[in-house]
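Going by the working numbering, the residue at position 343 of the sequence shown is 345; the numbering climbs one at a time, nothing skipped. By construction, the Cβ of each residue, glycine as well, lies at the ideal position given by its N, Cα and C atoms. Presented below is the structure to which this report refers.
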Amino acid sequence: MNKYIERVLADTRAKNANEPEFLQTVEEVLLSVEPLIEAHPEYEEAALLERMVEPERAISFRVTWEDDNHQWHVNRGYRVQYNAALGPYKGGLRFASNVNLSIIKFLGFEQIFKDALTCLPIGGCKGGSDFSPIGRSDREVMRFCQAFMTELARHIGGDIDSPAGDVGVGGREIGYLYGQYRRIKGVSDMGALTGKDVKTGGSILRPEATGYGAVYYLVEALKHDGESIEGKRIAISGYGNVGWGIMKKAADLGAKVTYFAGPDGYIHDPDGVNTEEKLNYILEMRAKDPMHCQPYAEKFGCEFVPGTKCWGVKDVDILMPAATQNDVNMEWAEKIAASGVKYYIEVANMPTTNDALAFLKEQKHMVVAPSKAVNACGVSVSQMEMAQNAARIYWSAEEVDAKMQATMKNIYAASVEAAERYGLGYDLVAGANIAGFQKVADAMMAQGIF
Ligand code: GLU
């Protein structure tokens, strides 16, 4: 291993020993950009990697809120403003009970390179809280969002930092957060939050963007092999915004999601989730109870397998993990490799453990694509929302969709090109890391050392 990378990794491990998710992503990224570091000895002199792994700012704050029974709760809020070399900090907020500093730092670090890959002027950032909206009343969610924003407002703004959604933060939460931000600041700084409702400054297609973009990326990967998406069978995990978008766009393009997994097990629908009735039912089912997908099987008379994941099934062409981090470990990866499936397209942030990812990449019959490229359309449309807000206009669905397709084509092509340039062959994982990293590195070098 390159000595400089080795030293920075050792220092990062020593300094952040209790942050496993953060160390996982730093290792994954730094090891895959080795050829780039070798080609640029000036990076070491400028302490580029040491600066890259250290957030510009990590804010942790208290959030006190009252539940419906007049009980007070104290949660922890975070915003890790990682790197603004390319533009205002941009990245989502995650509200989930397992959120901690390690998870927010891992997501923030990934976001730097994802945002760079979009070629739009946005820096990397992430935030959130260990509060989960699941099982909370609407009023409780509103009070939590207001308390969270009361503290966060001083750190954000359209030219500073623009949060958006992620797990546990959808249109409802963004609405409450933006309302409180506007109340505190007294200005219509609309670009300070994205994922807003279309009636109040949101961009059309933002909720669908991540899932649609993932399918646009998949189309490019299939095209590379002379294949079309038509008729392809897809297995996914997760059926939130992202999973739903994949189901919808796959159906639009003549493919079908035949397996999807939730927290309680997985559904096998050989006909695919490809009718309006089924797609609408998923939204309804999720709104009622986001922890169970079993009702889908009862409603549409198909198979439900409880307590396990659908990785390793043989009758699909493509796998798209779209739920959460470390969904696929070595045990699942072995089943996936043995199943003969060709395409492993990551969608959720870091859905694969590092050993499983390396193992899948080694499989000669497989094509592996990384989430930071595949899911970048969500944040791209967030940036388009900021652009519309700044210009005080709304773009049409056609305009946004055309830009989404162009963005995903560009990300795919830039990844292929970067891997080839460094003699790595057709390596979409290393290619995405190198292409994103190079953009941030160039900007940091140009802006001086600080
Ligand atoms: N949380 C999303 C992501 O992982 C979206 C971020 C945004 O729209 O700013 O990219």
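Below 8 angstroms between beta carbons: does that hold for residue i and residue j?
i           : j           : result
residue 31  : residue 57  : no
residue 260 : residue 318 : yes
residue 411 : residue 386 : no
residue 241 : residue 264 : yes
residue 310 : residue 268 : yes
residue 332 : residue 291 : no
residue 255 : residue 238 : no
residue 69  : residue 130 : no
residue 402 : residue 207 : yes
residue 213 : residue 258 : no
residue 360 : residue 417 : no
residue 196 : residue 166 : yes
residue 51  : residue 80  : no
residue 437 : residue 119 : yes
residue 338 : residue 320 : no
residue 115 : residue 439 : yes
What do you get for residue i, buried or exposed, if any count of 16 or more other CB atoms within 10 angstroms of its CB means buried?
i           : result
residue 2   : A query on residue 2 cannot be resolved here, the shown segment of the chain reaching from 3 to 452 and no further.
residue 76  : exposed
residue 408 : exposed
residue 228 : exposed
residue 442 : buried
residue 413 : buried
residue 85  : buried
residue 135 : buried
residue 156 : exposed
residue 2   : The question about residue 2 has no answer here: the residues shown for the chain are numbered 3 through 452.
residue 395 : exposed
residue 303 : exposed
residue 450 : exposed
residue 41  : exposed
residue 285 : exposed
residue 435 : buried
residue 351 : buried
residue 59  : exposed
residue 192 : buried
residue 73  : exposed
residue 14  : buried
residue 20  : exposed
Is there at least one non-hydrogen atom of the ligand ADP closer than 7 angstroms to the beta-carbon of residue i?
i           : result
residue 257 : The model depicted lacks the ligand ADP and carries the ligand GLU instead.
At which residues does the beta strand (DSSP E) containing residue i begin and terminate?
i           : result
residue 95  : 91–97
residue 321 : 320–323
residue 1   : There is no way to answer for residue 1, as the model of the chain reaches only from 3 to 452.
residue 116 : It is not in any beta strand (DSSP E) - residue 116 instead sits in the alpha helix (DSSP H) that spans 103–119.
residue 236 : 235–239
residue 260 : 258–264
residue 128 : 125–131
residue 165 : 163–166
Considering just the uninterrupted stretch of the alpha helix (DSSP H) at residue i, what are its terminal residues?
i           : result
residue 186 : 173–187
residue 206 : Taken as a continuous stretch (DSSP letters only), residue 206 belongs to no alpha helix (DSSP H), as it is neither H nor E.
residue 413 : 399–423
residue 452 : Looking at the DSSP string, residue 452 is not in any alpha helix (DSSP H), and its letter there is neither H nor E.
residue 436 : 430–448
residue 152 : 140–154
residue 252 : 243–254
Check whether chain C comes within 8 angstroms of residue i, counting only Cβ atoms and requiring the distance to be less than that.
i           : result
residue 280 : No chain C is present in this structure, which holds just one protein chain.
Let me know the alpha helix (DSSP H) ranges lying completely inside the region 6–78, each 4 residues or longer, listed in chain order.
Within the region 6–78, the complete alpha helix (DSSP H) runs of at least 4 residues are 22–34, 36–41, 44–47, 50–55.
Where are the alpha helix (DSSP H) runs, 4 residues long or more, that stay fully inside the region 267–305, in chain order?
278–290, 296–302
As an exercise, report each continuous beta strand (DSSP E) stretch of at least 3 residues that is fully enclosed by the region 312–396, in chain order.
320–323, 345–347, 369–371
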